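Trainee: Numbered per mature numbering (1 follows the signal peptide of the UniProt record, and there is no 0), the sequence shown spans residues -25 to -1, 1 to 364. Idealized CB from N, CA, C, for every residue including glycine. As the structure is a computational prediction, the values presented were derived from the model and not from experiment.
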Amino acid sequence: MHRALRYVSCLLAAAAWTGSFSAHALSFELDDDGQWSGVLNTTMTLGVGWRMQDRAADLVGKANLDPEVCSRQYQSCQGLFRQQSYPAAHLFAARGAPSMRIDDGNLNYDRGDIFQAPFKVTQDLTITHGDFGFFAKWLYFYDFVNNDFTETHPNLITPDNVDEVGFVNDPIANRYWKNGIRTYGPGGYVRKKRSDGEVLRQAGTDLQLLDANIYGRVPFFGERELSFKIGRQTVNWGESTLLVINSVNQANPVNANNLLRIGFQVEEVFTPVSMVFLSTEPFYGATIEAFYQYEWEPVESPTPGTYFGFVDLGTNNIGHSVNLSFGTSADDPDRAFVGATSAEQIGYLDNPLTLITPTSGTLRRLKDWEPSDQGQFGIAFKVLRRRTQ
């Protein structure tokens, strides 16, 4: 609560400073005869989001709700022997979700917490000369909550606590191992400061260059004109303005974090990319459009660990590993007890299957594969039908 009050105080102070400057347009001339002119638009927004409800238990991994849910006699809830205590039935009956890959953002914000407090400045610059012009747009944001945030992990194994968690000489968990060998079921309750650079860029603070293009009109066949735009831009490829999933409007990648940030503008949802766009009217009411894209940018999904993050892996290589268990094992992103080689292994997963092969519940993630910048294009023919009676 004290942290929330501190955020509110900072935001109110910022609001008092920005209140009369929320939107401003500056027009100017670049020469004496007015052939070159420009406009600079500036918009400032400030917002706060509170979590108003408690988290639902069925959206939190079972082992995050109860780290002991599959420890000792239940051995990762892996049924292998007739004499076991029905581990699968025990897991099914336990509260929570059968996954440890969907709840980091849910666990980071309690009821009453501020989950987002962004201050955002958006500017666009237009310079025109006759039928030609230059347009650029950029935004800067700083989130008072997420740029300096301490994450909560109720069941985590790390290199710092690997010698403290787990079982040693336990008559059940260690019955397959010689004295001194540690087995790992539950981890520890860990709070650590958010430090991943890409997470901070997506959720904490960033300066984004959106548009940067030149545009104009030139004579075409007959009395027709050819409109062009070259550079970073957004193409509305289809008739939907904001239908971003499973629609024909897919020429530009979606930035979900811009969409979910308080104070967003519609044009910030799609990431501009470098392309050439051409358009002409062959006859009245008809338009031919074409574009060729020479830059590729990825989709940006909701950042893992933030309030709207729905999976604990993110785009642009956020998250280098994933917990494969069905809600049974502690998160162990660094495979802390496995070691780089068998000689460096300091313990074993609390599961009889590790007698066959020593492993953990964690799978490493490879880096994203990125396609070529070339080869994407589109052609469209549009007709506006006249309304008849």
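Tell me the residue span of the alpha helix (DSSP H) that contains Pro62.
Mentor: 62 to 68 is the extent of the alpha helix (DSSP H) around Pro62.
Trainee: Among Val313, Phe110, Arg166, which has the Cα closest to the Cα of Gly206?
Mentor: Answer by Cα proximity: Phe110.
Trainee: Would you grab the beta carbon distance between Arg26 and Arg86 for me? Rounded to a whole angstrom, and I think it's under 8 Å.
Mentor: Sure, about 6 Å apart at Cβ, within 8 Å.
Trainee: Which residue spans inside the segment 103 to 179 form an unbroken alpha helix (DSSP H) run of at least 4?
Mentor: Within the segment 103 to 179, the complete alpha helix (DSSP H) runs of at least 4 residues are 172 to 178.
Trainee: For the segment 276 to 337, which segments carrying the beta strand (DSSP E) assignment without a break, of at least 3 residues, lie completely within its bounds, in sequence order?
Mentor: Listed in chain order, they are 296 to 298, 322 to 324.
Trainee: Tell me Phe245's beta-bridge partners as DSSP assigns them.
Mentor: Phe245 pairs with Val229.
Trainee: What residue from Val96, Ile147, Val358 has the CA that sits closest to Asn16's CA?
Mentor: Looking at the Cα atoms, Val96 is the closest of the given residues.
Trainee: Check for me: the alpha helix (DSSP H) holding Lys204 runs from which residue to which?
Mentor: Element bounds for Lys204: not the alpha helix (DSSP H) but the beta strand (DSSP E), 200 to 208.
Trainee: What's the call for Ser(-6), buried or exposed, on a 16-neighbour Cβ count within 10 Å?
Mentor: Residue placement at Ser(-6) is poorly supported in this model, since its pLDDT is 39, which falls under 50; the coordinates are not used for a value here.
Trainee: Give the DSSP-derived three-state secondary structure of Arg47 in the structure shown.
Mentor: Reduced to three states, the DSSP call for Arg47 is helix.
Trainee: What residues are listed by DSSP as bridge partners for Ile77?
Mentor: Ile77 pairs with nothing; no bridge assigned.
Trainee: Leaving out five residues before and five after Glu43 in sequence, what residues of the same chain have Cβ atoms less than 7 Å from its Cβ?
Mentor: Cβ within range, chain order: Pro161.
Trainee: The alpha helix (DSSP H) spanning Lys37 covers which residue range?
Mentor: Start and end: 37 to 40.
Trainee: Note down the Cα distance separating Lys168 from Asn130, rounded to an integer number of angstroms.
Mentor: Rounded to the nearest angstrom, the two C-alpha atoms are 16 Å apart.
Trainee: Whole angstroms are fine: how far does the CA of Phe312 sit from the CA of Thr265?
Mentor: Thr is not the amino acid found at residue 265; the sequence shown has Ala there. If you take the alpha carbons of Ala265 and Phe312, they lie about 56 Å apart.
Trainee: From Glu275 to Tyr151, what distance separates their C-alpha atoms?
Mentor: For Glu275 and Tyr151, the distance between alpha carbons rounds to 46 Å.
Trainee: Within 10 Å of its beta-carbon, does Ser46 have 16 or more other beta-carbons around it, so buried, or fewer, so exposed?
Mentor: Buried is the call here.
Trainee: Measuring only the C-alpha atoms, how far is Phe195 from Asp171?
Mentor: Their Cα atoms are separated by approximately 52 Å.
Trainee: Tell me whether Gly284 is buried or exposed, calling it buried when 16 or more other Cβ atoms sit within 10 Å of its Cβ.
Mentor: When all chains shown are included, Gly284 counts as buried.
Trainee: What number of angstroms, rounded off, separates the C-alpha of Arg157 from the C-alpha of Leu324?
Mentor: Cα to Cα, the separation comes out at about 9 Å.
Trainee: Does the pairing of the segment 59 to 79 with the segment 102 to 118 give three or more beta-carbon distances under 8 Å?
Mentor: No contact exists between the segment 59 to 79 and the segment 102 to 118.
Trainee: For Leu253, does the three-state DSSP call read helix, strand or coil?
Mentor: Residue state, collapsed to three classes: strand.
Trainee: For residue 366, list the residues DSSP reports as bridge partners.
Mentor: Outside the displayed span of the chain (-25 to 364) sits residue 366, for which this structure offers no information.
Trainee: So is Ala68 buried or exposed if we call it buried at 16+ other beta carbons inside 10 Å?
Mentor: Exposed: under 16 other Cβ atoms inside 10 Å.
Trainee: How long is the line joining the alpha carbons of Asp8 and Phe239, rounded to whole angstroms?
Mentor: Taking the straight line from one Cα to the other gives about 38 Å.
Trainee: If you reduce the DSSP assignment to three classes, tell me which class Leu341 lands in.
Mentor: Three-state DSSP puts Leu341 in coil, outside helix and strand.
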